[in-house]
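See structure below.
Number of protein chains: 2
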Amino acid sequence: MSSKPTMRDVARKSGLSIATVSRVINFPADVPAETAKIVTAAMAYLNYRPNINGRRLKMTQTSTIGVLVPTLANPVFATSVQGIEQEANANGLTVILTSSEYDPEREMGAVSTLLNNRVDGLILTLANADNNPVVDLLLAEKIPFVLLFNQPSRADIAAISVDNAQSAYDMATAMIAKGHRSLAMVAGQFESSDRSRQRYDGFCRALDDAGIAQKHLVQVRFGETDLVAPLADFLCGPEEVTGLVCSTDMLAIAAISACRAHGLSVPDDVSVGGIDGISVGGLITPKLCSAVQPTQEMGQQALAFLRGLIKGQTNPQSLLLPHHLSDGDSIGDFRRRSSTLL
Amino acid sequence: MSSKPTMRDVARKSGLSIATVSRVINFPADVPAETAKIVTAAMAYLNYRPNINGRRLKMTQTSTIGVLVPTLANPVFATSVQGIEQEANANGLTVILTSSEYDPEREMGAVSTLLNNRVDGLILTLANADNNPVVDLLLAEKIPFVLLFNQPSRADIAAISVDNAQSAYDMATAMIAKGHRSLAMVAGQFESSDRSRQRYDGFCRALDDAGIAQKHLVQVRFGETDLVAPLADFLCGPEEVTGLVCSTDMLAIAAISACRAHGLSVPDDVSVGGIDGISVGGLITPKLCSAVQPTQEMGQQALAFLRGLIKGQTNPQSLLLPHHLSDGDSIGDFRRRSSTLL
DNA sequence: TCCGCCAATGTAAACGTTTCAAACCTTCAT
DNA sequence: ATGAAGGTTTGAAACGTTTACATTGGCGGA
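In the order they appear, the protein sequences are chains A and B. Read in the working numbering, the first sequence has 49 at position 49, and its numbers run on one by one without any break. Numbers in the working numbering are just positions in the second sequence, counted from 1, shifted up by 1000.
In structure tokens, the structure reads:
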């Protein structure tokens, strides 16, 4: 009595069998309107609530998908999860969320939990998409999955991303076009993010193409927001870097703040560009110039892809979405540093 | 064969019974080391993975909790979910995530899904904590739940929040102390957020206490980031508002951007303050002055509370965490508007 | 030698669904 | 009157666990 009513209770109450009740729930069209009404009334009267776990046990599909992101503290991922969640909701799918905190070691544990939950499929943003045991496991177990933001080198893996290297290439090139010759990349640690490395590669290629030999790089821990010390050498040292290409918008915003702390103006003294296109970037001053990717749509798209794979569609497709440089004013023409006159 | 191995398979393989296998998994201490080794080996050999849904069906507890937030697009909520997720992970709990998109109508549907999943408990941020059918339902069904960011007027509901009214009061008072007499509140729509209304109440109280009769209010749709038009009247009209108290940091950042678009400087012409304390606020220029709340800790705390309730602890406690005004420079001393000289 | 005890293991009945095959009942043509 | 047809409904067997209870066997004490 005190316990939750089950289908059996509904059946008893409505004088019909448990099978009929099930049919009312799952295939209302297959049941006469009259019968359906009786059953529905009984369900309402008893406050019946189907126990999804019973169904999950019986059915092969669980209508559940697992999501793994590095963190929700970076709006890029939060927004993509928002997209996933929206699309999942629209399709009657339940989302189980996990995060790795950027720690590759934690990925396997998280995915294991997800698999124990018998999710129908997964959407993952991994630290490193290549040579990743998680990917191998999923492939071996033939669990549908889509990578988000990762660009694996294997072609038989579904992945949705922008061209990471090209994003950084474009940003660096834009700065070079404005006369900057001394550039540095501010990147998250490569071990925690293959995007970071790919973006650095693009940065290097841009400098090579422009005949600039000197490539500066500063790697910072993820979650770090104080870049005053890490950037001190580059900004105030003899290299006198005037262009900072940041591997994420969060880093770019932190970099702008650090420049300011060093008494440098953006974009007058230093140009700063980001990658990701988080919405807050468009609101700050100076408006952040960023290689924008359609984050939320990417999340939705990832779920759409995943649904395809779950439905049995074979040969996973990869999708490289276009990015574009936003017209922020955090980058400007090169000027000899006024402060050097002091 | 092609199907996933079950406990029965493991039992067969190890020459033991299914009950013993279960014991190895759940109460390894109750089983001789030798036996455990055999079973573990069999599990490894077969690539066995416990089916949590089988367990969930049998057990009363599901080790799953449901989370409902308005959106993940606002870092406040993303960060709190991050906190929840961390704490859940540390306690072996699975998190099911849903969002209402700020639409009160969608809350019931989301919670229904969660209940069908037989979650052990819920953490919710509701549009309106009072007279909410969702709350009534949860109370009636005796499902443990904790409200996050909401301040319900009933005392028998667990809720974790800062003092919303006081936050706004403090911010408005800070501006008044700096000489501002013409203030406006920029708030999200009250129907979508009781915090918004509570904060407005605090704003009004501060003005009353200072003997300022004229109270301006502009309500904007959630998700809206373009405040240029909505703020035009206040900033450029005859009222010449010089202080904007914003009900969220996201709004504050958007407001600063709008001021700039109107040719006004922050904080020289207009002071802008926010509430929430999202981390990006500390990085932008001018550094955002905000009534900071410990968002991530609030998420963790909420989960801790919830675990207590699930364990059977009766009489839910509310927790009102302290906030503090950050020392941002987005608010400054009142000055007669220079632009009015034109 | 027998008894009882204890540790180790096994048996089998749930948990709440879904679903296949079978049963039931009208209706209608023969 | 008989039977085929077809629309409704039902019975019962899973799905993969957990767990109360039963069984086993070895051992020490009487």
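The beta carbon of each residue, even a glycine, is placed where N, CA and C say it ideally should be.
If we cut at 7 Å on Cβ distances, does Leu16 (chain A) have a partner in chain B?
Counting from one through the first sequence, the residue named residue 16 (chain A) turns up at place 16. Judged by the 7 Å Cβ criterion, Leu16 (chain A) is not in contact with chain B.
Determine the direct distance from the alpha carbon of His180 (chain A) to that of Gly332 (chain A), and round the result to whole angstroms.
Walking along the first sequence from the start, residue 332 (chain A) turns up at place 332. Walking along the first sequence from the start, residue 180 (chain A) turns up at place 180. Straight-line Cα distance between these residues: approximately 9 Å.
Check distances from the C-beta atoms of the region 212-238 of chain A to those of chain B and list, in chain order, the residues that come in under 7 Å.
The region 212-238 of chain A vs chain B, Cβ under 7 Å: Thr225.
List in chain order: all unbroken alpha helix (DSSP H) runs of 4+ residues lying wholly within the region 2-51 of chain A.
You should have 7-14, 18-26 and 33-46.
Tell me the rounded alpha-carbon separation between Thr1035 (chain B) and Leu1046 (chain B).
Along the second sequence, one-based indexing puts residue 1035 (chain B) at 35. Along the second sequence, one-based indexing puts residue 1046 (chain B) at 46. So the alpha carbons of these two residues sit roughly 17 Å apart.
Residues of chain A with CB under 9 Å from Ile1038 (chain B), in chain order?
Within the second sequence, the letter at position 38 stands for residue 1038 (chain B). Within 9 Å Cβ-Cβ: nothing; Ile1038 (chain B) doesn't reach chain A, min ~22 Å.
Can you pull the chain B neighbours of Asn53 (chain A), defined as C-beta to C-beta under 8 Å?
Numbered from 1 along the first sequence, position 53 holds the residue referred to as residue 53 (chain A). Per Cβ cutoff of 8 Å: Asn1053, Arg1056, Leu1057, Thr1062, Asn1117 and Arg1118.
Do you know offhand how far Gln1301 (chain B)'s Cα is from Val1081 (chain B)'s?
On the second sequence, residue 1301 (chain B) is found 301 positions in, with the first residue counted as 1. On the second sequence, residue 1081 (chain B) is found 81 positions in, with the first residue counted as 1. The straight-line gap from Cα to Cα measures roughly 11 Å.
So Ala184 (chain A) and Phe234 (chain A) are in contact, right, with Cβ under 8 Å, and what is the actual spacing, rounded?
Here residue 184 (chain A) refers to the residue found at position 184 when the first sequence is read from its first residue. Here residue 234 (chain A) refers to the residue found at position 234 when the first sequence is read from its first residue. Sure, about 5 Å apart at Cβ, within 8 Å.
Which partner residues does Gly188 (chain A) have in the DSSP bridge list?
Looking up residue 188 (chain A) in the first sequence gives position 188. DSSP, once it has assigned bridges, lists A:Val220 as partnering Gly188 (chain A).
Taking 7 Å as the CB-CB cut-off, is Glu87 (chain A) touching chain B?
Numbered from 1 along the first sequence, position 87 holds the residue referred to as residue 87 (chain A). No - not a single Cβ of chain B is within 7 Å of the one on Glu87 (chain A).
Taking 7 Å as the threshold (beta carbon to beta carbon), is Thr1094 (chain B) in contact with chain A?
For the purposes of this step, residue 1094 (chain B) is identified with residue 94 of the second sequence, where counting begins at 1. For Thr1094 (chain B), the answer is yes, since a Cβ of chain A falls inside 7 Å of its Cβ.
With a threshold of 8 Å, are at least 3 pairs of Cβ atoms found where one atom belongs to the region 315-333 of chain A and the other to the region 280-295 of chain A?
Segments in contact, yes.
Just curious, the beta strand (DSSP E) that Ile1275 (chain B) is in, first and last residue?
By one-based count along the second sequence, residue 1275 (chain B) stands at place 275. Per DSSP, Ile1275 (chain B) belongs to the beta strand (DSSP E) from Ser1271 to Asp1276.
For Asn128 (chain A), is the classification buried or exposed, using 16 other Cβ atoms within 10 angstroms of its Cβ as the cut-off for buried?
As a first step, residue 128 (chain A) must be located in the first sequence, where it is residue number 128. By the neighbour-count rule (16 or more Cβ atoms within 10 Å), Asn128 (chain A) is buried.
Give me the chain A residues within the contact set of Gln1082 (chain B), using Cβ-Cβ distance strictly less than 8 Å, ordered along the chain.
As a working note, residue 1082 (chain B) is residue 82 in the second sequence. The answer, in chain order, is Thr71, Leu72, Ala73 and Ser99.
Using a Cβ cut-off of 8 Å, pull out every chain B residue sitting near Pro50 (chain A), in sequence order please.
Residue 50 (chain A) sits at position 50 when you count from the first residue of the first sequence. The answer, in chain order, is Asn1116.
Could you round the C-beta distance between Gly1188 (chain B) and Ser1265 (chain B) to whole angstroms and report it? I think they count as a contact, below 8 Å.
Along the second sequence, read from residue 1 onward, the residue named residue 1188 (chain B) stands at position 188. Along the second sequence, read from residue 1 onward, the residue named residue 1265 (chain B) stands at position 265. No, Gly1188 (chain B) and Ser1265 (chain B) are not in contact; Cβ-Cβ is about 25 Å, not under 8 Å.
Run through chain B and tell me which residues come within less than 9 Å of Ile343 (chain A), C-beta to C-beta.
Nothing about residue 343 (chain A) can be read from this structure; chain A reaches only from 1 to 342.
With 16 other CB atoms within 10 Å as the buried threshold, where does Leu139 (chain A) fall?
Taking the first residue of the first sequence as position 1, residue 139 (chain A) is located at position 139. That one is exposed.
Extract the residue ranges of the beta strand (DSSP E) inside the region 257-308 of chain A, only unbroken runs of 3 or more that lie entirely within it.
If we require 3 residues or more, the beta strand (DSSP E) runs fully inside the region 257-308 of chain A come out as 271-276 and 289-292.
According to the neighbour-count rule (16 or more other Cβ atoms, all chains shown, within 10 Å of its Cβ), is Glu87 (chain A) buried or exposed?
Here residue 87 (chain A) corresponds to residue number 87 of the first sequence, with the count starting at 1. Glu87 (chain A) comes out buried.
In or out: Met7 (chain A) buried (at least 16 other Cβ within 10 Å) or exposed?
As a working note, residue 7 (chain A) is residue 7 in the first sequence. Met7 (chain A) should be labelled buried.
Where does Leu341 (chain A) fall in DSSP's three states?
The sequence position of residue 341 (chain A) within the first sequence is 341, counting from 1. In this predicted model, Leu341 (chain A) has a pLDDT of only 41, less than 50, meaning its place in the structure is not dependable enough to derive any value.
Three-state secondary structure (DSSP) at Ser348 (chain A)?
The question about residue 348 (chain A) has no answer, for chain A in this structure spans 1 to 342.
Under a CB-based cut-off of 7 Å, is Arg1008 (chain B) close to chain A?
What you label residue 1008 (chain B) is simply residue 8 of the second sequence in a count that begins at 1. Arg1008 (chain B) does not count as touching chain A.
Could you pull out every residue in the same chain whose Cβ sits closer than 7 Å to the Cβ of Pro1028 (chain B), ignoring the five residues on either side in sequence?
Along the second sequence, one-based indexing puts residue 1028 (chain B) at 28. Counting only Cβ-Cβ distances below 7 Å, and skipping sequence neighbours, we find Ala1036.
Specify the secondary structure class of Phe145 (chain A) as computed by DSSP and reduced to three states.
On the first sequence, residue 145 (chain A) is found 145 positions in, with the first residue counted as 1. Reduced to three states, the DSSP call for Phe145 (chain A) is strand.
With contact counted as at least three CB pairs below 8 Å, one residue from each stretch, are the region 1152-1164 of chain B and the region 1084-1099 of chain B in contact?
Taking 8 Å as the limit for Cβ pairs, the verdict is that the region 1084-1099 of chain B does not touch the region 1152-1164 of chain B.
Taking the C-alpha atoms as reference points, what is the distance between Leu309 (chain A) and Pro316 (chain A)?
Counting from 1 along the first sequence, the entry for residue 309 (chain A) is found at position 309. Counting from 1 along the first sequence, the entry for residue 316 (chain A) is found at position 316. Going by the C-alpha atoms only, they are around 7 Å apart.
What distance in whole Å lies between the Cβ atoms of Thr1125 (chain B) and Leu1148 (chain B), which are believed to be in contact at a cut-off of 8 Å?
Position 148 of the second sequence, counted from the start, is the residue given in the question as residue 1148 (chain B). Position 125 of the second sequence, counted from the start, is the residue given in the question as residue 1125 (chain B). Going by Cβ atoms, the distance from Leu1148 (chain B) to Thr1125 (chain B) rounds to 5 Å, so yes, they are a contact pair.
With a threshold of 7 Å between beta-carbons, can Arg1260 (chain B) be considered close to chain A, or not?
As a working note, residue 1260 (chain B) is residue 260 in the second sequence. For Arg1260 (chain B), the answer is yes, since a Cβ of chain A falls inside 7 Å of its Cβ.
Quick one: what's Val1067 (chain B) bridged to in DSSP?
One-based indexing of the second sequence puts residue 1067 (chain B) at position 67. B:Leu1097 and B:Ile1123.
For a cutoff of 7 Å on Cβ pairs, would you count Ala78 (chain A) as touching chain B?
On the first sequence, residue 78 (chain A) is found 78 positions in, with the first residue counted as 1. At least one chain B Cβ lies under 7 Å of Ala78 (chain A).
Put Val1241 (chain B) into one of helix, strand or coil per three-state DSSP.
Taking the first residue of the second sequence as position 1, residue 1241 (chain B) is located at position 241. Correct three-state label for Val1241 (chain B): coil.
Going along the chain, which residues of its own chain have a beta-carbon closer than 6 Å to the beta-carbon of Ser14 (chain A), five neighbours each way excluded?
Translated into positions along the first sequence, residue 14 (chain A) becomes position 14. So the qualifying residues of the chain are Ile38, Val39 and Ala42.
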